[in-house]
Amino acid sequence: MMICFRHLDRKFRMSCHHIRMLNRQIEMIQVRYDRSFSSGQRTFRYSHRLKLATYEGMRNMYYEYACRRADQLEQIQDVLIDRGLMFESDDSDTETIPA
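Mapping of the sequence shown onto UniProt numbering: position 25 corresponds to residue 25, and the numbering continues sequentially without gaps.
Rendered as structure tokens:
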């Protein structure tokens with residue numbers, strides 16, 4: 001069961017990492033979109049809007065995936081704590097899902 005917990009924890013942390021990367025990409029594309037909007041370049045604005053929609057969709061899917069993995073981790077932690085195989089922690093080292 002511990003291997004499964006570690007495996008899920010790794011998947012959760014990797015999905016959080018991907019969410020942070022996608023957030024940075026979205027911010028950079030948003031800057032380009034705003035720049036093309038202010039300069040009136042409609043063709044660039046359209047392509048940046050498509051990229052934004054794609055990246056935001058990917059981020060939302062990673063977010064849903066991370067939420068499911070977090071729920072599974074909590075369930076496994078509860079089982080391990082009930083069996084005395086794991087002690088409750090103050091959650092200071094656990095990662096939260098980026099918004």
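C-beta: ideal position from N, C-alpha, C; glycine also.
Buried or exposed for residue 62, please, with buried defined as at least 16 other CB atoms from any protein chain shown within 10 angstroms of its CB. For the purposes of this step, residue 62 is taken as residue 62 along the sequence shown, with counting starting at 1. Flag for residue 62 reads buried.
State the start and end residues of the unbroken alpha helix (DSSP H) segment that holds residue 77. As a first step, residue 77 is located in the sequence shown; it is residue number 77 there, counting from the start. Residue 77 -> alpha helix (DSSP H) spans 42-82.
Leaving out the 5 sequence neighbours to the left and right, which residues in its chain are closer than 7 angstroms to residue 92 when beta-carbon positions are compared? Counting from one through the sequence shown, the residue named residue 92 turns up at place 92. For residue 92, the predicted model reports a pLDDT of 48, less than 50, meaning its position is unreliable; a value from the coordinates is still stated below. By the criterion of a C-beta distance shorter than 7 angstroms, residue 92 is surrounded by no residue of its chain, once the five residues flanking it on both sides are discounted.
Determine whether the beta carbon atoms of residue 33 and residue 59 lie at a separation below 8 angstroms. For this step, residue 33 is matched to residue 33 along the sequence shown. For this step, residue 59 is matched to residue 59 along the sequence shown. Inclusion of residue 33 and residue 59 in the CB contact set at 8 angstroms is not warranted, their separation being larger than that value.
CA nearest to the CA of residue 27, picked from 51, 77, 8: Numbered from 1 along the sequence shown, position 27 holds the residue referred to as residue 27. For the residues 51, 77, 8, the minimum Cα distance to residue 27 belongs to 51.
Buried versus exposed, by CB contacts within 10 Å (16 or more), residue 67: Translated into positions along the sequence shown, residue 67 becomes position 67. Residue 67 comes out exposed.
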